[in-house]
Each structure stands twice: as structure tokens, then as C-alpha cells.
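Here the structure is laid out as C-alpha cells; the discussion comes afterwards.
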């Protein structure tokens, strides 16, 4: 039970981190799109790649947490 | 091609006709609903294709499912039988001198009595035979493959002759194909190298997307969790890894093992990181797809489990509404994950084949 | 974790299925579709280029036409101007010629008149001479009874007569 709760806390921390990370990425991308709407498709691709890479790290952490727990 | 398709369809129909009304009359009448078990049963692979189960008037639990062929390799011998012989884990199947028992969708080697030894975490310690069965995921995959082949080959047939405006099926397929070509492949890979990788990118995009969509269909013959299964995503990621590194040019390897323009000690350090990076990139691909799709399935199933956990009809509208929202989101995720998988594959391949600028 | 353990059977089936799909689609779907789309794009590109070329050609033709029209107009103006000049010249010449002719005629007339006059004067002279002789004869018939008187008259007469 104890290990399970630690896992849960770990997962929660991961999600906070990823939420901040992807949120900032998306926010900045939106701002950039607002400034330069003509290249918004390029910005979108870059945003998705960046978000996917952040998510990848997070998923890695989640897998480790689940394996340990 | 048409004939091959017909044979495929015919064999599928034949196997569907082999429905067995496997009536396992369980004695536990008011069986407590266990959402975890239900969910884990849904998201993992299984040896029969569940269609519907209900409790009949005689208070018997009726479980209608399509049995699937089981292929086991044990001690160098192939065993071939239908999964209905397991009777949903209640019966022990004897083939030669080997006994097989189905427990939580896994086949174990047992003794004649079908005893399983459990470890501290309640997992059976018995050995597995090498399982090559046509499981629900394999069946679902074949179904999607038939659908994909039918869609794209029939669309491709219309392209014969003079160039003309797309009609019917073409007008759905073509923008998607062009989307993959222009927005995914062309944006990441050099223009003159694209032809080599485009078939893989297109295939993987539509394979993942259509399987994601089939996985969202809650009833037979959907309801499998193919793209949420790590075996499938691992294989797709391995293919990307293989294509990336086989086609990697001199510049690619140089950037990994001897990054130019950086002090030597850091170069050695970077080489280690970059070398690990070769494997973590496809690893992230594998985990991302699997986790996203599985998470979606778990959330939807949990929402509907609420009705049965709380044993209240009042909660049903809430569950259904939220479930509907999740389904909408999952439709987006189905396309998005296919897009991301393909885009990142294209990105890795593009990085591996790009011309050295230094 | 059961979720994270790959199942070798499924991996093998996926491998063969995916490769089969990849090869079938590559041969029977992607190749024809991509080829047809490429051909179509090239056709469209070519048509657009041809249209642009044709448009340019038309514009060029238009320009040539305008140029030609302008040239023709200029030429016409020049021609008209020249014609006017020629007309003016002809008129001028005709006028001057007429003037000349008139002058000539006048001159001739004058010369003729002079000549006539001279002739008339000559004639008159001779006539006057004859008349004078006549008169003189008559006078002589009457007066020439005396020689002295005759002489005195002739002298006075000769003195009086002034030619011109």
C-alpha cells in the first residue's frame, strides 16, 4: 500500500511537470501564432513535436514509476 | 487482389459462423462487479472474441463469444485447437503429454489437475508455452488490414488513365494521402529522398489511425485494444528504429559519435547520450502510442463502470454524457496519435538522412 | 506489469501482417495514387505555365498591335503633313507662276504697246510729213509766185517744224 501511494505521488508530480511543460509550449506557440499567423502551420508542427517530446519523457517516467510500484 | 480479399472475407465469415454458445453456468450468482478486472480484461489481449454476456431467466451467466484458434509451440511441437476448448479457463486442455490452462487470458503449462502455483504477488509461477495464437488483437488487426486494403486499393484503381478530378472515395483518401505526403513527410525529410520512405509513413499512419478507430467501437468486432498493446507499438517503433538507422548517412553517425564543433571531453559524453538517444526515441514512440490509447480506453470504461460500481441508474446520464465527451476526445486522439507517431518517425528519418551542412 | 510486457506471439503476427500490408499497399495503392497525383500536379503546373506563357504572348501581341497602330498613326500624320506642304508648295508655285505669267503678259503688252506707239508715231510722222508736203505743196502753189516769199516761208516753216 505504501509503495502504491508513493507511486501515485510520483505520477502526480510527473503530471504536474508535464502539464506545466506542455502548457507553456502551447501558450508560447499560441502567442507566436498570434504574432505571425502566416507561419502558424510551421509553429503548430514545432509545437506538436516539442509537446510530444516532453510527453515522451513523462511517459518514460510513468513507466518507470509503474514498474517500480 | 479481389480474389485474395474474397478469400479473406470468406474465411472470416466462416469463423464467425462457428459461434459457440458457451454457456458457463457459474454458481456465483450475485457476482460483485469488479471494474479493475473488467477494464484489465478489456485492455489486454484475449483468446476469445467477446460478443455479449448476460444473465438469463434461469439465473445462468451466458457468455457469447467467438472462439479463436490457439496455436501453441511447446517442446518443438505445434498444438492447434480452438479457444473454446478452454471453456473460459474452466477446463484443462491436454495435447500430447502437455496440459494447458487459461488463466486471466494467459496460457500456462500445468499438471493434469490444472494446479497453478502463485507467488507473493498472486501471479502464477507456471511456465508459458510459446503462444502464437490468433488472439482478439490479431483478429482485429486482420479486420483492419482488410479494411485498409479494400479502401486504398479500390481508391487507387480509380487513378488509372488520364489525370482527372478525384471522385467519391478518392476525394476522401487523396487529401489524407497528400496530408501525409506534404505536412508530415515533406516537412521533415529532404524532398528528393522522400520517395523511399513515403510508403512506410503512409502505411503506418493509416494502420495506426484505423486501428485506433476500430478500437473505439465498443461492440464486436471492434473493442480490441490493438494500438494500446505494447507488442504492436513496440514492433512499429522497432521498424522506425530500423529504417532510421539503416538509412542513416555519414553525417548522422558523425553527429552521434563525434559531434563536430564541441570540446573533446564533452564529445565523448555526448556520444554516450546520443547513443542512448537512438533507442529512447523509438522507446518514447512505443510508450506514447500505447499509453495514450490505453488511457483513453481506461477512462471511458471507468466512466461507464461508475454506473455499476455505484449501482445507481441516476448516475447513468452523467456517465453517458462524460463517456460521449471522452469518445469525441478519443476520436481526436486517434488521429492525433497516428499523426504524431508518423510525424516523429518522419522527423527521426529526416534527421538521419539529411545532408551534412558542416 | 502485464500491460508493459510484450507478447511475442502478437509481435510476430503484427510483424508479418504489417510487412504484408506495407508491401501490398506500396505496390497496389501508394504507387498508383502518388504517381497519379504527381502526374496531375505536373499537368496542372504545366498548364499554368502554358497559360502564363500564352498570356504573356497575348500581351506582347497587344503591345505590338498598339505599337503598329501608333506607328501607322504617326506615318499618317507625317503623310498628311507632307501632303499639306506639297499642296502649299504647289499653290505657291502656281501663284508665283501665274504672277510671272501675268508679268510677262504685261511686259509683252507694254512692249507691244511701245512698239505700236512707235509705229504709230512713225506712221504719224510719215503722215505728217506727207501732210506737210501736201500743205507745203498747196502753199507753194499759192505762195510760190514770188521766189523771195517762197524762200521766206520755207525757212519759217522749217524753223517751226520740230520732230519728236
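Residue numbers (this note's numbering), protein chains in the order written: chain A, 1 to 69; chain B, 70 to 427; chain C, 428 to 591. Note that CB positions come from ideal geometry on N, CA and C, so glycine has one too.
Inter-residue spacing [alpha-carbon to alpha-carbon] between residue i and residue j
| i | j | result |
| --- | --- | --- |
| residue 566 of chain C | residue 587 of chain C | 15 Å |
| residue 419 of chain B | residue 176 of chain B | 42 Å |
| residue 169 of chain B | residue 121 of chain B | 26 Å |
| residue 415 of chain B | residue 370 of chain B | 33 Å |
| residue 39 of chain A | residue 368 of chain B | 36 Å |
| residue 156 of chain B | residue 287 of chain B | 24 Å |
| residue 167 of chain B | residue 184 of chain B | 13 Å |
| residue 556 of chain C | residue 520 of chain C | 52 Å |
| residue 411 of chain C | residue 259 of chain B | The structure shown does not extend to residue 411 of chain C, since chain C is modelled only from 428 through 591, so no value can be given for it. |
| residue 191 of chain B | residue 10 of chain A | 24 Å |
| residue 59 of chain A | residue 49 of chain A | 15 Å |
| residue 413 of chain B | residue 349 of chain B | 13 Å |
| residue 339 of chain B | residue 320 of chain B | 15 Å |
| residue 583 of chain C | residue 538 of chain C | 37 Å |
| residue 42 of chain A | residue 417 of chain B | 17 Å |
| residue 160 of chain B | residue 188 of chain B | 22 Å |
| residue 245 of chain B | residue 390 of chain B | 30 Å |
| residue 90 of chain B | residue 171 of chain B | For residue 90 of chain B, the predicted model reports a pLDDT of 38, less than 50, meaning its position is unreliable; a value from the coordinates is still stated below. So the alpha carbons of these two residues sit roughly 19 Å apart. |
| residue 199 of chain B | residue 140 of chain B | 9 Å |
| residue 490 of chain C | residue 496 of chain C | 10 Å |
| residue 66 of chain A | residue 341 of chain B | 26 Å |
| residue 543 of chain C | residue 535 of chain C | 12 Å |
| residue 310 of chain B | residue 353 of chain B | 11 Å |
| residue 512 of chain C | residue 485 of chain C | 40 Å |
| residue 359 of chain B | residue 435 of chain C | 16 Å |
Which of helix, strand or coil DSSP assigns to residue i
| i | result |
| --- | --- |
| residue 103 of chain B | coil |
| residue 132 of chain B | strand |
| residue 574 of chain C | helix |
| residue 151 of chain B | strand |
| residue 295 of chain B | coil |
| residue 561 of chain C | helix |
| residue 40 of chain A | helix |
| residue 118 of chain B | strand |
| residue 462 of chain C | helix |
| residue 331 of chain B | coil |
| residue 473 of chain C | helix |
| residue 345 of chain B | helix |
| residue 176 of chain B | strand |
| residue 580 of chain C | helix |
| residue 433 of chain C | coil |
| residue 624 of chain C | The question about residue 624 of chain C has no answer, for chain C in this structure spans 428 to 591. |
| residue 57 of chain A | helix |
| residue 124 of chain B | strand |
| residue 289 of chain B | coil |
| residue 140 of chain B | strand |
| residue 185 of chain B | coil |
| residue 171 of chain B | strand |
| residue 166 of chain B | coil |
| residue 200 of chain B | strand |
| residue 260 of chain B | helix |
| residue 146 of chain B | strand |
| residue 235 of chain B | coil |
Whole-Å CB distance - residue i paired with residue j, under 8 Å assumed
| i | j | result |
| --- | --- | --- |
| residue 64 of chain A | residue 431 of chain C | Contact doesn't hold; Cβ gap of about 10 Å is too wide. |
| residue 114 of chain B | residue 174 of chain B | 6 Å |
| residue 238 of chain B | residue 223 of chain B | 6 Å |
| residue 137 of chain B | residue 240 of chain B | 37 Å between Cβ atoms; not a contact. |
| residue 134 of chain B | residue 437 of chain C | Not really, about 19 Å apart at Cβ, beyond 8 Å. |
| residue 374 of chain B | residue 104 of chain B | 4 Å |
| residue 55 of chain A | residue 22 of chain A | 7 Å |
| residue 304 of chain B | residue 473 of chain C | Wrong, their Cβ atoms sit about 43 Å apart, outside the cutoff. |
| residue 124 of chain B | residue 273 of chain B | At roughly 43 Å, the Cβ-Cβ gap does not stay under 8 Å, so residue 124 of chain B and residue 273 of chain B are not in contact. |
| residue 225 of chain B | residue 460 of chain C | 5 Å |
### Query
Looking at chain D, which residues of the region 31–56 of chain A have a Cβ within less than 7 Å of any of its Cβ atoms?
Here the protein chains are A, B and C, and chain D is not one of them.
### Task
Closer than 8 Å, Cβ to Cβ, to anything on chain C: give me those residues from the region 298–328 of chain B, in chain order.
298, 299, 300, 301, 303, 304, 305 and 308
#### Entry: Interface positions of the region 242–262 of chain B facing chain A (Cβ-Cβ less than 7 Å), listed along the chain
256
### Query
Three or more beta-carbon pairs under 8 Å between the region 293–305 of chain B and the region 203–219 of chain B, yes or no?
yes
### Query
Is it a yes or a no for the region 443–454 of chain C touching the region 312–325 of chain B, going by three-plus beta-carbon pairs under 8 Å?
no
### Task
Pull out every residue of the region 193–223 of chain B whose Cβ sits closer than 8 Å to any Cβ of chain C, in chain order.
199, 200, 201, 202, 203, 204, 206, 207, 210, 211, 214, 217, 218, 221 and 222
### Task
Mind checking the region 274–286 of chain B against chain C and listing, in chain order, the residues whose C-beta falls within less than 7 Å of any C-beta there?
276
### Query
Listed in chain order, which residues of the region 470–502 of chain C have Cβ atoms closer than 7 Å to some Cβ of chain B?
470
#### Entry: Residues from the region 430–454 of chain C in contact with chain B, defined by Cβ distance under 8 Å
430, 431, 432, 433, 434, 435, 436, 437, 438, 439, 440, 441, 442, 444, 445, 447, 448, 449, 451, 452 and 453
### Task
Determine which residues of the region 363–393 of chain B have a Cβ less than 8 Å from any Cβ of chain C, and write them out in chain order.
363
### Task
Check whether the region 401–415 of chain B touches the region 268–283 of chain B, counting contact only when three or more Cβ pairs, one atom from each stretch, lie closer than 8 Å.
yes
### Against chain A: residues of the region 409–420 of chain B by CB proximity under 8 Å
409, 412, 413 and 416
### Task
With 8 Å as the limit, tell me which residues of the region 105–126 of chain B have their beta carbon closer than that to any beta carbon of chain C; keep them in chain order.
109, 112, 113 and 114
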